[in-house]
Amino acid sequence: LLTIMNPNLLISQGVPICRTNQLAGEFVVTFPRSYHAGFNQGYNFAEAVNFAPADWLPIGRVCVSHYGMLHRFCVFSHDELVCKMAQDPDKLDISIAASTYQDMLKMVMSEKELRKTLFDWGVTQANKEVFELLPDDERQCDYCKTTCFLSAVTCSCNNSKSKLFHLCYSLSFMTLDKSFISLILLLIQV
1 LLTIMNPNLL ISQGVPICRT NQLAGEFVVT FPRSYHAGFN QGYNFAEAVN
51 FAPADWLPIG RVCVSHYGML HRFCVFSHDE LVCKMAQDPD KLDISIAAST
101 YQDMLKMVMS EKELRKTLFD WGVTQANKEV FELLPDDERQ CDYCKTTCFL
151 SAVTCSCNNS KSKLFHLCYS LSFMTLDKSF ISLILLLIQV
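Be aware that the sequence shown starts at 1, since it is given in full-length UniProt numbering, and climbs by one per residue.
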């Protein structure tokens with residue numbers, strides 16, 4: 001989304017490059033962990049659609065972690081997608097329901113562990129918030145740019161918002177004043 005480089009440079013470094021000329025009524029599908037760029041050759045109406053087959057969910061979770069390390073914005077909240085899918089499992093194909101269950105299990109176990117770390121550290125103030133009612137830019141982690149959904153930690157000293165992971169990781173390296181830290185939880189109990 002930010003820049004494009006000369007494809008010849010990538011080819012010279014051994015990066016495989018493909019190209020296509022998309023005509024009216026045609027679809028181009030890009031797969032996980034692939035990069036793409038587009039160039040419009042005149043007047044056009046373009047539409048992009050994100051879709052995820054069942055086997056994509058584990059790849060999606062890895063992608064969110066990778067984007068977080070790069071401090072790159074996500075197009076949507078992976079946790080929110082998984083929670084919404086799990087809310088109505090009867091509408092899901094059995095393989096998608098099973099994949100959703102496995103992903104949600106990992107998500108909930110991680111969330112419980114992170115919340116326990118915070119509570120053990122002494123963070124006792126928690127407020128409930130309906131994250132999905134907030135615009136994405138208001139529920140974004142100030143550190144990694146990931147959209148928070150299950151929980152976030154705020155600091156009253158500078159109004160920063162962070163995923164629990166970052167604060168829990170930082171606890172082993174620094175001393176923070178607990179009175180400034182507040183936990184915001186999604187209205188779903190984990």
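Cβ atoms here follow ideal geometry from the backbone N, Cα and C, with glycine treated the same way.
Q) Any idea if Met174 is buried or exposed, counting beta-carbon neighbours within 10 angstroms, 16 or more meaning buried? A) The predicted position of Met174 is uncertain, since its pLDDT is 44 and thus under 50; a value taken from the coordinates is nonetheless stated next. Exposure of Met174 is indicated by the presence of fewer than 16 other C-beta atoms within 10 angstroms of its C-beta.
Q: Return the chain-ordered list of same chain residues with a C-beta closer than 6 Å to the C-beta of Lys161, the five sequence neighbours on each side being excluded.
A: Excluding positions up to five away in sequence, the list reads Asp142, Ala152 and Thr154.
Q) Is it true that the CB of Phe76 sits closer than 9 Å to the CB of Thr30? A) Result no, Cβ atoms of Thr30 and Phe76 do not sit closer than 9 Å.
**Q.** Cβ contact (3+ pairs, closer than 8 Å) linking the region 112 to 128 and the region 52 to 59
**A.** No, they do not touch.
Q. Taking the runs of the alpha helix (DSSP H) that are 4 residues or longer, which of them lie wholly in the UniProt domain "JmjC" (1 to 68)?
A. With a minimum length of 4 residues, the unbroken runs of alpha helix (DSSP H) contained wholly in the UniProt domain "JmjC" (1 to 68) fall at 7 to 12.
**Q.** Proximity winner among Glu132, Gly68 and Asn8, relative to Cys83 (alpha-carbon distances)
**A.** Taking Cys83 as reference, the option from Glu132, Gly68 and Asn8 with the minimal CA-CA separation is Glu132.
**Q.** Distance CB(Leu81)-CB(Gly68) smaller than 9 Å
**A.** Against a cut-off of 9 Å, the Cβ pair of Gly68 and Leu81 comes out as no contact.
(Q) Determine whether the beta carbon atoms of Pro58 and Ser99 lie at a separation below 9 Å. (A) Taking 9 Å as the Cβ cut-off, Pro58 and Ser99 qualify as a contacting pair.
Q.
In whole angstroms, give me the CA-to-CA distance for Leu92 and Met85.
A. About 8 Å.
Q) At what residues does the alpha helix (DSSP H) containing Val108 begin and finish? A) For Val108, the enclosing alpha helix (DSSP H) has its first and last residue at Ile94 to Trp121.
Q: Keeping to the same chain, check which residues put their C-beta closer than 6 Å to that of Phe149; ignore five residues upstream and five downstream.
A: Here the set comprises Ser77, Asp79, Glu80 and Phe131.
(Q) In whole angstroms, give me the CA-to-CA distance for Gly14 and Ile94. (A) Each residue's alpha carbon lies about 40 Å from the other.
Q: If I'm right that Ile17 touches Leu10 with Cβ under 8 Å, what's the distance once you round it to whole angstroms?
A: The C-beta distance from Ile17 to Leu10 rounds to 6 Å, short enough to fall under 8 Å.
Q.
Let's see if you can read the secondary structure: which residues bound the beta strand (DSSP E) around Glu129?
A. Ala126 to Glu129 is the extent of the beta strand (DSSP E) around Glu129.
Q. My guess is that His66 and Lys145 are in contact by the Cβ rule of under 8 Å, so how many angstroms apart are they, rounded?
A. The beta-carbon distance between His66 and Lys145, rounded to whole angstroms, is 12 Å. This is too long to meet the 8 Å contact definition.
Q.
Is the beta carbon of Cys74 closer than 9 Å to that of Val64?
A. Yes; because the gap between Cβ atoms is below 9 Å, this pair is in contact.
Q. When DSSP builds the beta bridges, which residues end up paired with Gln140?
A. Residue pairing by DSSP puts Gln140 in a beta bridge opposite Thr147.
Q. Comparing alpha-carbon positions, which option in Glu47, His36, Met5 and Ala37 lies nearest Gly25?
A. Looking at the Cα atoms, Glu47 is the closest of the given residues.
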